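Every position in the sequence shown, counted from 1, becomes a number in our numbering once 661 is added. All C-beta atoms in this analysis are idealised placements derived from N, C-alpha and C, irrespective of residue type, glycine included. Please read these numbers as outputs of a predicted model, since none were measured by experiment. Since the structure comes first, as structure tokens, the remarks are kept for the end.
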Amino acid sequence: MNIVMVASECAPFFKTGGLADVVASLPKALTKKDHHLKVFIPKHRCLPSEIASKLEFITSFTVHVKWREQYCGLFKYEAEGVTYYFIDNQYYFDRLQMYGEMDDAERYTYFTHAFFKALDVLEVDPDFIHCHDWPTALIPLYTKAGVVNTKAKTVFTIHNLKYQGIFPLSVFDELLHLDRIHLGGLEYEGAINFMKAALIHADWVTTVSPSYAQEIMDPYFGEGLEAFLHARNTSLTGIVNGIDEDVYNPATDLYVSVPYKKHFARKKENKRIMQQEFDLTVSKEIPMFVLISRLVEEKGLPLLVHILDELLTTESVQVVIMGTGETRFEEHFQEIANRYPNSCRFMNVFQEGLARRLYASSDFFLMPSRFEPCGLSQLIALRYESVPIVRETGGLKDTIVPYNEYTGEGNGFSFTNYNADDFLNTIRYAIHLYHQPRHWNQILKNVYKSKLNWEHSAAQYENIYMKLLNPTNKEDPYVIDSRSTEPNSKREAHLVIR
């Protein structure tokens, strides 16, 4: 199949989160199944110079955003069987931030228009256009509205429903090449909502874990869009992300001080080196807990704030935290690290190399998330043979099986309620088993057997493509009426049964 993926970020070119890792890995996995993959992404300022120097200039053309005429340069880069096309416009993408600018609606509307123009220029006729998150959410709408000439089916993947691309209503007339009959497919609660447009118009919607797919149909997790997700639950699928096991490999990772594979003694050497470097108490027997995260509330950090003093006071442990984010968390973790210099460190940065070394040095990896669509950190932790301690939500629930000391099953530890006491009790139980060689060895054996790569997940995406390419019925079983312009902003999605 000819598959085109469209996204706002992709590793190793630029990355703010797990989206970039998925867009990097999934096309490679599908290429191994003999599909033809092209990836379209903006040419952001943060593109590494060593990659920028290798880009091949293809052509340039003009892109219209309503009355505005904008330049577009098209560059190509090929790697591991995947062709990457970079949409170049310095006015829109030569910015310090990929998101959070005042003109984000215009920037990513331009990206949408440039993408379709690039397909024409390249004479690419894909079977599928696979879109990722709100910056690409106009693409299914434009396809269904007949604004562009393509027969491609569209798949839209939600990586985090919290970020929807919400903008003033004026965006519709100022930027979008649509008749007002389509306003109802974009408007929600008095604003333009890019995510809603994709949920209504995409041929299939996926998200990044089965549990999250169920959760987002509930008002607590649905971020206001649960009605639209409910409306199409027969074409909503949760597929757990994988990781690239060639990229994340402690046996070959150049950042890791002592390479290892399924070797606890060599892993302990990495911990000893890290303890010396951070001036922590040097002991292979003290369990090291690591948290690497954006420092925001949704990652469950209030729970860690609540228990950290007690944990460091009552248990013989070491805690290392790395990340940037909200000031309240940065200040608290720094203050705790100052008070416990022998057992706690806080690095107010994110550095990929240091993160890899922390995975390799840690005995346990903490992820007490309030919600987590999928999460890649727990998968990376498993790959580096660190035992995750997670809250049972979203992809964490789908990938981490709590250890059962009676059956010997489980690759980590988990707690259900979003509660600090439950989090602390789970950590204490993990420490208890860490000091029991029979149980600890069994946990590590289970960690070693965890399936982390993209093979199974890529097959699930392939099944969705095949289902769309060869539907059981000649017509879709339903379409969603997106044309209503009734003023009631609280209306739900309406199904029109054929």
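A Cβ-Cβ distance of about 5 Å is found for the pair C792 and V667, placing them in contact under the 8 Å criterion.
DSSP, reduced to helix, strand and coil, places I712 within a helical segment of the structure shown. When the beta-carbon positions are compared, L716 and F747 come within less than 9 Å of each other. In the DSSP annotation of this structure, the continuous segment of the beta strand (DSSP E) that includes W865 starts and ends at W865 to T868.
One thing to note: L952 has its Cβ within 9 Å of the Cβ of I982. A direct Cα-Cα distance of roughly 7 Å separates I1104 from Y1064. Buried is the label assigned to G1036, since at least 16 other Cβ atoms lie within 10 Å of its Cβ. Collapsing the DSSP output to three states places E876 in a helix. In the DSSP assignment, Y1067 forms no beta bridge with any residue. For L1027, the enclosing beta strand (DSSP E) stretches over residues F1025 to M1028.
Runs of the alpha helix (DSSP H) lying entirely within the stretch 974 to 1031, each at least 4 residues long, are 988 to 1000 and 1013 to 1022 in chain order. With a cut-off of 8 Å on Cβ pairs, the stretch 1079 to 1088 is in contact with the stretch 962 to 975, counting three or more such pairs.
Shown here for Y849: same chain residues with a beta carbon closer than 6 Å to its own, the five before and five after excluded, namely K857 in chain order. Using a Cβ-Cβ distance cut-off of 8 Å, the stretch 687 to 706 and the stretch 1117 to 1129 are in contact, since at least three pairs of beta carbons, one from each stretch, lie closer than that value.
Short of 7 Å from the beta carbon of A912, and not among the five residues preceding or following it, lie these beta carbons of its own chain, in chain order: P920, Y921 and K922.
With a contact defined as Cβ atoms closer than 8 Å, E884 and Q825 qualify at about 7 Å. In this structure, the beta-carbon distance from L802 to H862 falls below 9 Å. By the Cβ test, the stretch 1047 to 1055 is in contact with the stretch 1070 to 1082, since at least three Cβ pairs between them sit closer than 8 Å. Judged by DSSP secondary structure, N854 falls outside any alpha helix (DSSP H) and instead within the beta strand (DSSP E) spanning A852 to N854. Partner residues in a beta bridge of A779, as assigned by DSSP, do not exist. The stretch 883 to 899 makes no contact with the stretch 921 to 940, as fewer than three CB pairs between them are under 8 Å.
Ranked by how close their Cα comes to the Cα of N750, the residues G742, F722 and M949 have F722 in first place. Listed as beta-bridge partners of G1073 by DSSP are P1063. In this structure, the beta-carbon distance from R1006 to A1016 does not fall below 9 Å. In the structure shown, Y1079 falls within a coil segment according to DSSP collapsed to helix, strand and coil. Per DSSP, G679 lies in no beta strand (DSSP E); the unbroken alpha helix (DSSP H) holding it starts and ends at G679 to T692. If you ignore the 5 residues before and after I968, its C-beta comes within less than 7 Å of the C-beta of A1081, F1084 and L1085, all in its own chain and listed in chain order. Between the stretch 719 to 734 and the stretch 767 to 780 there are three or more inter-stretch CB-CB distances shorter than 8 Å, so the stretches are counted as touching. Going by DSSP, T744 is part of the beta strand (DSSP E) stretching over V743 to D749.
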